[in-house]
Every structure is written in C-alpha cells, then in structure tokens.
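Student: Chains as they are written, first to last, in UniProt numbering: chain A, 1 to 424; chain B, 1 to 424; chain C, 1 to 424; chain D, 1 to 424. We treat Cβ as the ideally placed atom computed from N, Cα and C, and that holds for glycine. One structure coming up, written as structure tokens, with questions to follow.
Number of protein chains: 4
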Amino acid sequence: MIPQDILAQDNEAHLPALKADYEALGAHLARRGIDIGAIKAKVAAYKVAVPSWGVGTGGTRFARFPGEGEPRHIFDKLEDCGVIHALTRATPAVSLHIPWDKAPAADLRAKAEELGLGFDAMNSNTFQDQPQQPLSYKYGSLSHTDAATRAQAVEHNLECIEIGQALGSKALTVWIGDGTNFPGQQDLTRQFERYLDAVRQIYARLPADWRLFTEHKMYEPAFYSTVVQDWGTNYLIAKELGDKAFCLVDLGHHAPNTNIEQIVARLIQFGKLGGFHFNDSKYGDDDLDTASIAPYRLFLVFNELVAAEGKPGFDPAHMLDQSHNVTDPIESLMLSAMEVQRAYALASLVDRAALTGAQEANDAIAATQEMKRAFRTDVEPILAMARLEQGGAIDPVSAYRRAGYRAKVAAVRPRSVAGGGGIV
Amino acid sequence: MIPQDILAQDNEAHLPALKADYEALGAHLARRGIDIGAIKAKVAAYKVAVPSWGVGTGGTRFARFPGEGEPRHIFDKLEDCGVIHALTRATPAVSLHIPWDKAPAADLRAKAEELGLGFDAMNSNTFQDQPQQPLSYKYGSLSHTDAATRAQAVEHNLECIEIGQALGSKALTVWIGDGTNFPGQQDLTRQFERYLDAVRQIYARLPADWRLFTEHKMYEPAFYSTVVQDWGTNYLIAKELGDKAFCLVDLGHHAPNTNIEQIVARLIQFGKLGGFHFNDSKYGDDDLDTASIAPYRLFLVFNELVAAEGKPGFDPAHMLDQSHNVTDPIESLMLSAMEVQRAYALASLVDRAALTGAQEANDAIAATQEMKRAFRTDVEPILAMARLEQGGAIDPVSAYRRAGYRAKVAAVRPRSVAGGGGIV
Amino acid sequence: MIPQDILAQDNEAHLPALKADYEALGAHLARRGIDIGAIKAKVAAYKVAVPSWGVGTGGTRFARFPGEGEPRHIFDKLEDCGVIHALTRATPAVSLHIPWDKAPAADLRAKAEELGLGFDAMNSNTFQDQPQQPLSYKYGSLSHTDAATRAQAVEHNLECIEIGQALGSKALTVWIGDGTNFPGQQDLTRQFERYLDAVRQIYARLPADWRLFTEHKMYEPAFYSTVVQDWGTNYLIAKELGDKAFCLVDLGHHAPNTNIEQIVARLIQFGKLGGFHFNDSKYGDDDLDTASIAPYRLFLVFNELVAAEGKPGFDPAHMLDQSHNVTDPIESLMLSAMEVQRAYALASLVDRAALTGAQEANDAIAATQEMKRAFRTDVEPILAMARLEQGGAIDPVSAYRRAGYRAKVAAVRPRSVAGGGGIV
Amino acid sequence: MIPQDILAQDNEAHLPALKADYEALGAHLARRGIDIGAIKAKVAAYKVAVPSWGVGTGGTRFARFPGEGEPRHIFDKLEDCGVIHALTRATPAVSLHIPWDKAPAADLRAKAEELGLGFDAMNSNTFQDQPQQPLSYKYGSLSHTDAATRAQAVEHNLECIEIGQALGSKALTVWIGDGTNFPGQQDLTRQFERYLDAVRQIYARLPADWRLFTEHKMYEPAFYSTVVQDWGTNYLIAKELGDKAFCLVDLGHHAPNTNIEQIVARLIQFGKLGGFHFNDSKYGDDDLDTASIAPYRLFLVFNELVAAEGKPGFDPAHMLDQSHNVTDPIESLMLSAMEVQRAYALASLVDRAALTGAQEANDAIAATQEMKRAFRTDVEPILAMARLEQGGAIDPVSAYRRAGYRAKVAAVRPRSVAGGGGIV
C-alpha cells in the first residue's frame, strides 16, 4: 500500500500552492455568491465505484499488452482498488464480476474491510464461455434459442445475486452480448421475447432491497443487431419488469452524435435511471478514461444529475468502466474518479435560478454563458482540499508514483502473458 | 394529364419484353415453390401515399432551384399527384399540409374525386411562422415556454383535424421542429413536460376513428437537442397518450448507423408502429429518393412488415416524404412508389418457414442466404404487370416523358422564383 | 454604435472583480512558471475575422425567424461588425460575400475605415442562382457538365478577386455546393477533372500576393457525394494548383467522429493549412456558436496551432462562420470571437517541454494531465484584461445590452420577412 | 477435401434449375443488348484472395467462440482455403500473415501447389508482441518513439518480404495499430514523421517487381488517433514513397457515412489505388461478411472499378478480410467470394454509354434507373455457370455441407480453446 509518510511528504510539497489556490478560488466564488465550503462538502460526499476488472490492463481483439505487476486474482485487485481509494477518497466500493472474482465471501469481506472498501453492484458474465457454465453462449445467453442455455444464464445471474448478498451488495447489473451479425440471423422480436422471459425470472428472485440494472449497447460484440440496443429498449425492459428495475447508462454505448444528457433527462423524468458506467469515447465503446475526450459532455450529464438532486426516488449508482490499454490502471482510475467529482463540482456551480430565468426568457445567450461560466471554473483546489481533509492525496498520481507501488507489486506478482492471438 | 393513347403506345412498346420476363420469372419462382400470381396480387393491393408538398421542387438552406411548371397551389399539386397515380396505380391518396394546402373542402374533394384520389393523414405546421398563427415559433411550438404560443399550436392542430374530417382523412401527423441550439437553452425535462401537456390536448379532441402519429427526428432544424429526438421518446409519447397514438418512422431521422428495422420490430411488438415516411439518406435527413442509397435497408424494414402481416392491430400507414432538388418531382415520386412496392414484393418472397428454421438452428449462413435469395430476385416484371393490369404504365417514367406532361404544365404555370437568400 | 460613457459605466461595474481575478490568476500562473503578461500579450494580438453574412439571422431549410433590427445591406452589416470589434477588440476584419455585399469600393472602404475595420478573404457564391449569373447552378458550378456554366463560375470568382483587390483583401475563399444526390448522377472522376480545370483558371489569375483557399465539406447541399468532400481531396486540389493554394478547415464539415485536430496537423506538416471557419457542431454542419458544444475539441485544434507557431510559412487565416438562428447575431459573434481567443490562450498555457517529455517517455498519464491542466485554467481574466486595455469591454454582452444597440437599430431598420416556404 | 463424386451429385441436383435460369437470363440480357457469355467470361476470370487467418473463427475483445475442427497451423489453413477454391473457383491465392504462418518455404509451396493455390500479398504483424520481436509494440511500431523498436518493426517487414519472395508473392501489405488513446499522448506530427521515416526504409528494400500496400483505418486498436487514419494520410504516404507504393482500401475502416466509392474513384484518378480488403460493416470495423449489410454500396465500389478497366496502370489487388465469429469460416468465405464476383458482374451490366449520356444531360432519373436496372438483375445463374464450367460447385455451400468436410476435419483436429479472459 501507500506508506503514510510518503503520502505526507507528497502532500506537504503541494500544500502551499493548494492553500493559495483554494483561498483565491474561495474569494472568487464568494464574488459569484457561492460558498466554496458548501461545494467542497458536496464533493467530499460524492463517491464512485471502481470495477474489479479495471485494475488489470485492458486490450483489444488485436492484442493486450500487460503492464508490470498485474493483479493475479481478486485479492490483488482489491489491494489495487484500496490504493485508489486511499489516495482519492472517492472510491469506497468495488464492483465484482462473476465468475472472474469468485472467492469465499468471508475472505472477500475481510480483505475489503481491511482496505476500507465495500461492494457495489454485482456483474454477471454470460458473454464468455466458462467451465462453470457448460452450454456455450456463442449464439446468445438470455435470448438464446435454446431453453437450456437461457436457463443456465438465468441460474448464473441468480448465483451472482447470492454471492452479492453474502457481500452486502444491493444490485445486479446485467449486460449481455446477445445480438446478431447478419440480417435474418434471428427474428428480432422473438429474440427479445426470449430475453424478456429470461430476465423476468431473474427479477422474480431479486431480493426486496435490491435493484436490477440493465445496460444497453448499440453494438459489439454483435455487429448487426444487439438485443438491448438503446435506451428505448432498455426502458421497455425496466418497465416490463417493475419498480426495482432500472436502466444503466454507459457513456460509450450510443450511436454517433447521440445527445446522451437528454437520455439521462428522460430516464430521470420517467423514474428509470439506474446509474452510470463512466468512461469516455471518440468512436465507439472505446472505454477511454473519463473526460479525456469530451469533458463538456460529462459536465452536461452532471448538469442533469445535479438538477435532479432531491427528486423523490432519484438515487443513481455511479461506477467507472474503462479499458486501460496504455496506462497504469491505478493512475487512470484515480484520475477518472477525480474527473467524475470535477464534473459534479462544476455542475454544482451552475446558478439554477439564473439558468431557469434565461430559459423562461428564451435567452439562449444568457443560458450558454451561465453554463460555460460554471464549466470554465477551475475547481481543482476544491477537489484537492476535499481529498486532503479526508486523508487522501492532494495530487494522487504524484503520491502514487513517489510511493513506488507499481514496482513493489511487480516484485511479487509474476509478469502476465501478452494476449492477442489471431483474432483479427 | 396523360393521354390514354400515349400511355397505350408506350405500354405496347414495352409489352413483349414484359411478357417474356414475367413468364420466365413465373417459371423461376415456381421452381422455388412460389406462385407469381399471389405475389402480384399482394403488390397490386399495396399502396403508398404521396405528400402534397413533394410535387414541388425541394431545396436546402443554401438554395432552391425550381423546375419547369411548378405547381402553383394545391389544385395543381393534386393534378401532379393524379399523374403519379395514373401511371403507377400505387398512390391513391394525398397527404395535405396545413396551411399550405388550405382550400374549400368541397373543391378539394371534387378535384380529388375527379383524379381518383383520396386524402391521407393531415400534417400540421408549427415549424414556420404564418400570418394565421401570429405568435412566433422561433423558440418552439407545442413545447414553447409561453402558454399562449402552445395554445396557438394546439389550436392549429385541432384545425387540421377539422379540415381533415371534411376531407375524409383519418389521421393527424404531428412533427414539430422544437428543440435547442445550445446546451442549457432549455431545461430538457420541463420542455418535454410542456410538450406532453400540449399534445394531450390535441389527443383529447381526436375523433374516435382517427389516429395520431407523432414523428421523431434526431436533429434539424434544432441542432443541439430535439424534443422528440428518437423512438424512445416517441414511444413514451404514444404510451402517455393512449390507444389511438402511434409512432411514425421516417427513414432519415435517426442517428448514424442506427438499425432502423429493429426499431420497427420493437414498435410492432409493443403495438405502437403508426407508419412510415419513406425516403433514403446517406448523411442525415437527406430526403433522397426511396431506395436510391440503401435498397437492402429498405428490404430489411419490409422484412419486418411482411413478417407482422396479420398480427392483430397491425395497420401501418405508408407515405413518401422526400425532397426533390435535382429531379422532376413527379418522376422521383413515381420511381419511389415503385421502390416501396418492390421492397414489399421482395420481402414477400422470403420463405418464412425456412428462415425460422435457420434461426432456430442458429444457422446464420442459411438465414443470410434465404434473405439474399429473396432480395436479389428481379421482381420488376411483377410490379410492371400489376401496374399494367390496373391500367397504369409498364414503365411510368417512359410514358410520362412520352406524354410531355411537364412541358404542357410549364406552358400554363408561370416560372417560380429561385430561392435561397443568405441563409448560410 | 456603443456610446463610450455606457461602455465605461459597464466596465467600471466589472472592474473590481476583474482586478481581483486577474491578480489571483497571475499569482497562480506564476506558481506554474507562466507569466500572465506574456499570455495576455499573445491574446491581445490574436484576431479573428467576422463574416458579413453572420450578422443577419440564419435559418434552416424549414424556416428563418428574423430578429429585430436585421441589417438591410452591407453598410448595416459593417456597422454591426463594428460593434463586435469595438467591444471585443478581437475582430478587426470582415469577410465579404459576393454578390450579396456588392457596393462601390470607395464607399465600402470609407465605411470600414470609419469603423476601424478592414477586409478579410473574399467569398464567391456559385451555390445559388443570381440574376448577375444567368446560367443556373442547379447541377453544379465549377464542375458543371456545361462549359459555359463553368466559365460563368470562373468569371464570377475572378470578379470577386477584382472587388477584393479594390478593398485590400488578400485571399479568395472558394466553396462550392457541387455534388450529386444519386449514385450515378455524375461520373465522380470526370466531375472532379472539370472542377480542377476550372479552379486552375481562377488560380492562374490570382494576384501574386493573394492566397486561394478551397474548402471541403462532406455533404449538404448535395447529399450523395460532394466534389470537394474531405481534406484528402482538398489537399489534392491545393497540391495541383500551386504554392498560393491552401486548404480551409471548417469545423463542421467532417464525417462523424473525425479527429479534426489531426487533419490540422497533417495540413500544417505538408504546408497546406490555409485557415479556419470556426463554429461548432453536434450532428452535421450545424454552424453553432464556436465552442458551445465541444470546447475541448477547439482547444485540441489550437494545441496544434500553438505548437506550429514560428514554423516557416505557417500563417493560417481565422474566421467565424456560424448561423445564428435563435440569438442576437452580434452577441453570438462576440462570444464566439472570445471563445477562439480563449482556446488560443489555453493552448498557450501547455508546457511544451513537459508535454514532449511525457510523449517521449510514453507517459500518457502525464501527457493528459498536462493537457487538462492547461485546459481547465480559467483564463477569462486574461481575455477581459486584454479587451479592456485595448479599449473594449470587460463583458461585451453586458455592455452591448446596456447600450440598447439592438433596439436602436430596430427603430430605423424595418422588420425583415420570416422565411421558409415549403422547402421540406 | 471435397470428394468429386459428392460434388458431382450436388451439381446434378442443381443443374436443371440452373440451366433454365441461365437460359432465361440470357434471353433477358439479349433483349437489353447484353451478351451473357461475355459477362460469364469476365466473372470466370475474376479472382479474389483469401486471408489465411480468415479460416479460423474470429472473435472480439470480449470472447472468441471457436468452432469445430479449427485449423491448427498454416497447413490446415491452406487445406481449408483449398476447399474454398475447389468449390468456388474464385480464390486461387492465399494471403499469409507473419509470424502466424511461418513455415519452410518449400513445404508451403508444395502444399499450395497440391491444392492449386498460390500466394498473394504478405502481411506483417507489428500490432502484437511476439517472442521473435522482443521489443514491445505497446506504444507503437513503425512510429514508436524508440528507434530500436522502429528498427525491429522495419526488420520484421523486410523478413516478410524475404519470405514472400521465396513463395512467389509480389506485394507487402503494411497495416499498423499505431496511434494514441489520449489527446496529447503523442505529437501527431512527429509520430507521422517517424512512421514515414520507417516505412521509407521498408520501401527502399522492396524488390523491383513488388508493390507496397499501406492500409488506413480510422480507429481500433487506438481510440483517440490513428497514425494512418484515412485515405488522405494514406495517399500522402504512397506519394512520399514512390511509384511502387499504393493505398489499400478496407471497406470497414472509414468514418460513419463516408462515401467509399468516391475515395476509390479519387485513388484511381491519382494512380494510387492498390486494392481492397473486402468485408462489410454496419458500425465500425465489424469485419462482417462481404455484402451482408450493404450490397448496393459494394456494387457502387465495383461500378468505379469496372469504369476504370483498361486504364493504364490500373491493377488493384482483391482480398477478403473478415472475422467469422458465428459461422463456419469456409462457408462465409465462399459466400463472400461469390458476392465479390456478383458485384463485379452487376457493375459490368451497366450500360456505360447510356449512363454517360444521362450524366451529360444532368438527367439524374435516367442515371439512377440505369444503375438500379443493373443492380437488380439476378446474375446468380451467371456466377453458378462460371463455377460449374471451371469444375466448381453450382451451390458451394450445399456441396460443402453434403461432403461433411467440417465433421471430417473435426475428427482429426483437436478442439481449440475458447478465448476471452477479462478484456472488457
């Protein structure tokens, strides 16, 4: 982990500048009628979950280039997640993927407790074949033509719930790769009927205090059609299932040019926003680091979320879901958690009354000025101060590098094998 | 109109080849177990409406280049529509746009009857300012912040219903241009609430035997957000309104790469497919001639429609909606009506039992072969024979040109003014 | 125009906050080793041209909703441009469009001089029919099949050069709407050969100290193919023509998801970047206000431009090109000019040595941190101070509204007619 | 392989229908003034190469679901390719991928000769790490910041040439995965300079009778920028290198909505079209079966190719490049080879003189009618007859299934392991 003295040293080095910046920002915000302390308190309370698989190096169908000290199993992964939370104080929960992360519940709970972590939504896996699930998902899982295969997929999801209950999780996220690669390969309607029938069986066994999140995606791994292709279909699912079913929005799962924040607004309005898989994308489901490509888009999503704060039943889940192909995953996840908090802080700066006034007056210039004024504020001092005050790092990447964590774990974790073998 | 002797001459010239082609195709289809006569009967019964505005030359924000003999008013337009139907026998109904096509109902009915035409869905216009509707729609219509403007837009739609009732129409199509050009310009949720409230008032006054079609569109004329942006929102509207409300699908109103046929399948499954605005597109709402860019996509849409034939309550409306910028609109509309019939005929050739068998067996190769076998059949002889037997032209464009219709009307209709004046 | 006392009042109201913000920012930048004065000097020297047509309300093919006090002619337009420059001190040049802006050169020069304005690149118009150019451009201009029509288009461009010479302009921008709406409508190769032949004739008559800018665009007004569809074709044109020919980049003229900054980098590398038409877009050529949708993208473009500063021959032209459909065009253009300067300032904050170091070390995390650190800095105080010191407004929109300019001109300029008439 | 008697049986079953269809088509084409024999001769002479890696089951970053009897090594792959050619008579050459297909040249030549196969373009691999190339390509290959890594990549390409020379290949195809995942990760210009420098070294060692094909791709595996991102950059490369360098066009490597046939036309016009990687796509580089999604688009590409026949220096290479995730790869490749031939046949039916006439007259209706008339002709009898006359199968999939080839090889080739392990 990160030695406290090294963290202290690193913070000390950054503290004078932070103090000056924080003070100046406080004065500036005060001139705008905003209390910096209130924003800092909001940021401090804002958390985002980390996916267990995110701490391993990602890859593409062409290749995977592993980094040093890759986690060997869920306990290594939890340790890495612990580092992220220790430095950012933003990621107290980990989202597990079954069967990848299977382990005795007591051991998982103990390890998590040791690291100050808890468990977020459970993720099932019916997009890959696994020895534990002998029937193949090559042609689908919950929507498969074969009833036995569908039953196996349902069973697997129920097992995920069971595991999650033992860990204190309160939600199941269902993402399937089902779809087709050829027009005509499946009847699009019957395929969806089979899916609905199967997911209803999962929903029927959902504990009373759990939520079910379904996730839509336009394409990949299927390349002609996807069963849960967009928010329209996702909404229909959540509606068919019932009050504990909600839609999950992954920022990279949409058609080009889609106005994602409007989808978020619609789902909020109709009571079906379950939460987010945060990441960024330029082309498709690129799974790039959050806000690395389009930070204003993320801000606009958070503008909807902040506007909905306090609305009855509004309680979205937040998780990062990224593929770290060329960076140290811990660094990427720390920065991404900070970007989520940044977007939240920026959206919290919007003067809602002024914005509403501009909207009612059809004064688009005043409206855009209000939005941009909030967005261009540099809230880094607020985020850093919130981290520091909770025991984290002013500059998490700096502290992490100074601590030499990666080299330390590389010394005990054997080098993992480069991947990619002819999938082109 | 088209003199009968000229039509007869033209048909005579094409008849020998048609007979030979039809006979050969009949023999070929018989080998595939398909009765050519049954397909021909289906095609003969298949009709598609023509939009009144489609017979004028279209344009872009940059310019409009009018053709010869542009229709001056709705009666000229009806005459042009009459030509289209006379030659194709595929377009017996015209869809009117109010206020563009306002005229005494009796006169409209008389003219239509004379031409063998009826009236399809009514279209309201709240995307342009009109002297009859003094409040401006610059900032929206049914979703406007101002209650009086919304009321005006509702009134206008009710007037369209009233006009339509006098003409025998049975549906109202509502497309609005409402949206925003800046993030923050409007609250996306409140804007949609206002829309829902207004459209409910229209729905409340819909005659018992009418249907209300709402149309979604991703963008244009608004370029950041559109109130009814996609089928997800459109479905919510139809659901909120009730059993007489349905979603209209325009083939050019979707995000890039969208699987449109899947949307059609979903709307059919959930009982909300209202109908189509047929056209084609490569980039956006290009309003190109039907099937001119992606004929296989149109076939796939019709594959869903043919598969749904006989399903209770399944009764979609069909209309062309195109912008003819560089062609004689009559020629474009004739060809497009034929393309719609062609797609219908091709989809009717799919061996549904064989396709289902391939699907159940997860035999994607057999499935794609069945789809492509149907698609690559040249059904032109079927279409031509169906036209001929109903009194139309074997080759409508040929007969139309031979008749010199355009030159004749150009002699009596003054040249219209070129458009475009600085909208860049 | 804007009374000096009102401007002074408005500046006085904003000055205390500006001083405090500027001082705090200076201290912050000093901690990062950056001299705020140097950045301010760069910003003060950075100018962007305004298009004459931009001060009128824009529209779409569906409608145009004119605002109050629309400019009636080029002299009104120049007056509006003068206001923009007076308040922002960022837009000393106006780009004319012929024939829209035709007027005696002496009058134009006198009016411009009075307003402290000059003339930027000339724009020809062969995408609309005009009485002065009797042959129609319905089927193309410089690439038309008809030699006489091509000759007319060449002549018109030569006239634009002539007019520009009398005004002190030094560049001609050629954008054509030529293309096709149907596969097969034209032979794509012969069409481009005709274009090249025609544009060579224009180039041959280009004054020695002029530059020729050609502009590419993916689609609209043509919807199947465009003659100059992308930067690849645009580069071929500039290469074929010679050393005075360069490529113009409009931010909205690209395919979805295109990496525009990489195109900018390539054109710089191969010596063919002519300049920019700045605006923003979400879907197509939306012509939205600069940086209103994707401010980070604009920053990335400027990151390439700042990196190329000092490179021999690097001298791109900058112009705004937007369609102001729902705002006061003067306000939009002021904000947009400021956004261009903002992007320039932000890109100037990037520590090039640190960035290069991260790049050489393949340290993507350090690289993205450096980019984001620059981007999230709030440089508004620098822009405002630069404006103030040059005699402009701290807050141009505030001063403009306080001055009541729009109401004043509305009193003397008659209301223009709402547009849109059936182009759907 | 495929027993001759089984092939004969299968052909016999299909022969009567084929004869009747061929005769009817011949009569129909004769009425259109087209000699069916001439088209058949063109088709018979038209060949397309098969990629060695295409006969294995493909996959995505999420999973790979292997089929029965997967080829274990290049000799199994060649055997599978031999089946494809035996039945289609369309694929006499195989394109190898190094190091995947490394084996003694004499053995490869002997095996190929036995199967009636030859060797097409060689493909290098610098997008994966390989034991033979110890330096990692994680951060790039030919454009890597490290000179030694670039040198290794150059060396590898030279080795591919050497191997190819021993096999009778005449071309090297260079596709790299180089790019970035973050804005700022690399300097876009320096990265391209390094690439150019490296590829020049390869080009310098290209045998006199070889061609170098470079391939562009918009994204994947890099997701912010790609070094060779589009045809513009690809053209610059080919131009920089010299007369033996050409651009390869993969149908799935473009931005959404791109007009690919226009790119083909431009590359032909400027003498730089190297050839194709055929496949189809709906969303990105989906690598779906050729013409399974957009058959008219493929026809339009071939319309350009047929129009260029006979042009000096015009000699494009043709290869399939697909990922067969849910089908038997042999079946997919057979159908795809047939689709390429179909598109060629259809484009050969276009009456060039009539099309040119319509173009010169700006008669878009006549032009689109000519294009569609060719496209909708069912040329399957021509393709089948050409296959039969060359000793292939009338219906290759039918004959292949009847022969039970897959079951036979599955009996001797052990089941390959399912892939996918955490790359999400």
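Apart from the five residues just before and just after Glu220 of chain C, which ones in its own chain have a Cβ nearer than 7 Å to its Cβ?
Tutor: Scanning its chain for C-beta atoms nearer than 7 Å, with the 5 sequence neighbours on each side dropped, one finds around Glu220 of chain C the residues Gly284 and Asp285, in chain order.
Student: Within the 7 Å Cβ cut-off, does Thr258 of chain A reach chain B?
Tutor: yes
Student: Between Leu135 of chain C and Thr149 of chain C, how many whole angstroms is the CB-CB distance? I'm expecting something under 8 Å.
Tutor: Beta-carbon to beta-carbon, Leu135 of chain C and Thr149 of chain C are separated by about 5 Å, close enough to satisfy the 8 Å threshold.
Student: Just by C-beta distance, which residues in the segment 304-332 of chain A are closer than 9 Å to chain C?
Tutor: For chain C, the residues of the segment 304-332 of chain A that bring a beta carbon within less than 9 Å of one of its beta carbons are Val326, Thr327, Asp328, Glu331 and Ser332, in chain order.
Student: Under 7 Å, do Asp178 of chain C and Ser141 of chain C count as touching if we go by C-beta distance?
Tutor: yes
Student: So which residues on chain C does Met371 of chain D lean against when the C-beta distance must stay under 7 Å?
Tutor: Pro183 and Gly184
Student: Quick check for students: name the residue ranges of the alpha helix (DSSP H) that lie wholly in the segment 290-354 of chain A, counting only runs of 4 or more.
Tutor: 295-308 and 329-349
Student: Based on Cα-Cα distance, which residue from D:Gly67, D:His324 and D:Lys111 lies nearest to Asp129 of chain A?
Tutor: D:Gly67
Student: Pick helix, strand or coil for Asn11 of chain D, following the three-state DSSP scheme.
Tutor: helix
Student: Assuming Val227 of chain C contacts Ala198 of chain C under a Cβ cut-off of 8 Å, what Cβ separation, rounded to an integer in Å, is found between them?
Tutor: Actually they do not touch by this definition, with Cβ atoms about 10 Å apart.
Student: So what's Phe62 of chain D in DSSP terms, helix, strand or just coil?
Tutor: coil
Student: Arg161 of chain C: which of C:Met122, C:Gln185 and C:Ala147 sits nearest, CA to CA?
Tutor: For the sequence presented, residue 161 of chain C should be read as Ile rather than Arg. Among C:Met122, C:Gln185 and C:Ala147, the Cα nearest to that of Ile161 of chain C is on C:Met122.
Student: Using three-state DSSP, classify His156 of chain D as helix, strand or coil.
Tutor: helix
Student: What does the alpha-carbon distance come out to for the pair Asn259 of chain A and Phe65 of chain C?
Tutor: 25 Å
Student: Would you kindly report the start and end of the unbroken beta strand (DSSP E) that includes Glu215 of chain A?
Tutor: Arg211 to Glu215
Student: Tell me the rounded alpha-carbon separation between Leu188 of chain A and Arg200 of chain B.
Tutor: Their backbone Cα atoms lie some 32 Å apart in a straight line.
Student: List in chain order: all unbroken beta strand (DSSP E) runs of 3+ residues lying wholly within the segment 215-302 of chain A.
Tutor: 245-250 and 273-278
Student: Taking Gln262 of chain B as the reference, give the member of A:Val264, A:Thr290, A:Glu261 and A:Gln229 with the closest Cα.
Tutor: A:Gln229
Student: Report yes if the C-beta distance between Tyr137 of chain A and Thr126 of chain A is below 7 Å; otherwise report no.
Tutor: Using a Cβ distance threshold of 7 Å, Tyr137 of chain A and Thr126 of chain A count as a contacting pair.
Student: Hey, out of C:His97, C:Gly82 and C:Arg297, whose CA is closest to Glu113 of chain C's CA?
Tutor: C:Gly82
Student: Answer yes or no: does any C-beta atom of chain C fall closer than 7 Å to that of Glu215 of chain D?
Tutor: no
Student: Under three-state DSSP, which class holds Ser95 of chain C?
Tutor: strand
Student: Within 10 angstroms of its Cβ, does Ala238 of chain A collect 16 or more other Cβ (buried), or is it exposed?
Tutor: Under this definition Ala238 of chain A is a buried residue.
Student: Helix, strand or coil: which one does DSSP assign to residue 430 of chain C?
Tutor: A question about residue 430 of chain C goes unanswered here, because the residues of chain C that appear run from 1 up to 424.
Student: Return yes when at least one heavy atom of the ligand SAH lies under 6 Å from the C-beta of His73 of chain A, else no.
Tutor: In the structure on display, the ligand SAH does not appear, and there are no ligands present to speak of.
Student: How about Leu248 of chain D and Gly271 of chain D: do their beta carbons lie closer than 7 Å?
Tutor: no
Student: For residue 442 of chain A, collect the residues of the same chain with a Cβ closer than 8 Å to its Cβ; drop the 5 residues on either side in sequence, then sort them by chain order.
Tutor: Outside the shown range of chain A (1 to 424) lies residue 442 of chain A, about which nothing can therefore be said.
Student: Output the distance between the C-alpha atoms of Leu96 of chain C and Ala105 of chain C, rounded to the nearest integer angstrom.
Tutor: 12 Å
Student: Return no unless some Cβ of chain A is closer than 7 Å to the Cβ of Thr356 of chain C.
Tutor: no
Student: Quick one: residues in its chain with C-beta nearer than 6 Å to the C-beta of Asp395 of chain A, no 5 flanking neighbours on either side, listed in chain order?
Tutor: His14
Student: Which residues of the segment 39-61 of chain C have a Cβ closer than 7 Å to any Cβ of chain B? Give them in chain order.
Tutor: Listed by position, the residues of the segment 39-61 of chain C near chain B (Cβ gap below 7 Å) are Trp53, Gly56, Gly58, Gly59, Thr60 and Arg61.
Student: For His28 of chain B, is the classification buried or exposed, using 16 other Cβ atoms within 10 angstroms of its Cβ as the cut-off for buried?
Tutor: buried
Student: Could you tell me whether any Cβ in chain D is nearer than 7 Å to the Cβ of Val424 of chain B?
Tutor: Low local confidence applies: a pLDDT of 43 at Val424 of chain B is under 50, so the model's placement there is unreliable, with the coordinate-based value given in what follows. No, Val424 of chain B lies away from the interface with chain D (no Cβ there is under 7 Å from its Cβ).
Student: Cβ of Phe65 of chain C less than 7 Å from any chain B Cβ?
Tutor: Contact of Phe65 of chain C with chain B is assigned, a C-beta pair being separated by under 7 Å.
Student: Could you say which of B:Leu172, B:Gln269 and B:Thr214 lies nearest to Glu193 of chain A if we only look at CA atoms?
Tutor: When each option's Cα is compared against that of Glu193 of chain A, the closest is B:Gln269.
Student: Just verifying my parser: in three-state terms, what is the DSSP assignment at Ala361 of chain A?
Tutor: Reduced to three states, the DSSP call for Ala361 of chain A is coil.
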